[in-house]
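Visitor:
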Amino acid sequence: MSDLIHFEDFEPGQEFDLGSVTVSREEIIEFASEFDPQPFHVDEEAGKASLLGGLAASGWHTGSLVMGLLARGLLNKSTCQGSPGISSLKWMRPVFPGDTLAARVEVLQTKSLRSRQDLGLVTIRLTTVNQAGADVIRWENPILFARRDQQA
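Counting in the numbering used here, the sequence shown runs from 12 upward without gaps.
1. With three or more beta-carbon pairs closer than 8 Å as the criterion, would you say the stretch 57-68 touches the stretch 89-99?
2. Suppose contacts are defined by Cβ-Cβ distances below 8 Å. Is Val77 in contact with Ala114 by that definition?
3. According to the Cβ coordinates, are Gln25 and Val118 closer than 8 Å?
4. Have a look at Leu112 and Arg159 and give me their C-alpha separation to the nearest angstrom.
5. Helix, strand or coil for Ile97, going by three-state DSSP, please let me know.
6. For Leu130, which residues does DSSP report across the bridge?
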């Protein structure tokens, strides 16, 4: 476990590049059909007629794609123990078929826990942009990580 990122390895201002993912029309419709079957997520004509201006990914789909980037790009390389929740979540711009989303994490704060000395809390801001560099989703949340010096 020594090669994993531990609580002590995080510092405010530190950034992690999480990579990118391209969204397809088929994925948008498949996800929305099961989890968010609003017309503008499953039908191109309904999407064009909506405020979104075209078939657009569900915000939950975008969040799931970005969560995959976060897991593969950081959490699975760390001593992550989960999160007590998301503090804020903003969908800032629609995601359309063919968009490529690139995500990064900034460490906002680190905090030792008195109640669990084997863990620390790292608050992050995750920002995702499309291929034009425009923000599409942003969230902030605390994440629990195991401490290096407290592992059995």
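The beta carbon of each residue, even a glycine, is placed where N, CA and C say it ideally should be.
Guide: A quick look at the data gives this:
1. no
2. Yes, the Cβ-Cβ distance between Val77 and Ala114 is below 8 Å.
3. yes
4. 33 Å
5. Ile97: coil per DSSP, three-state reduction.
6. Ala157
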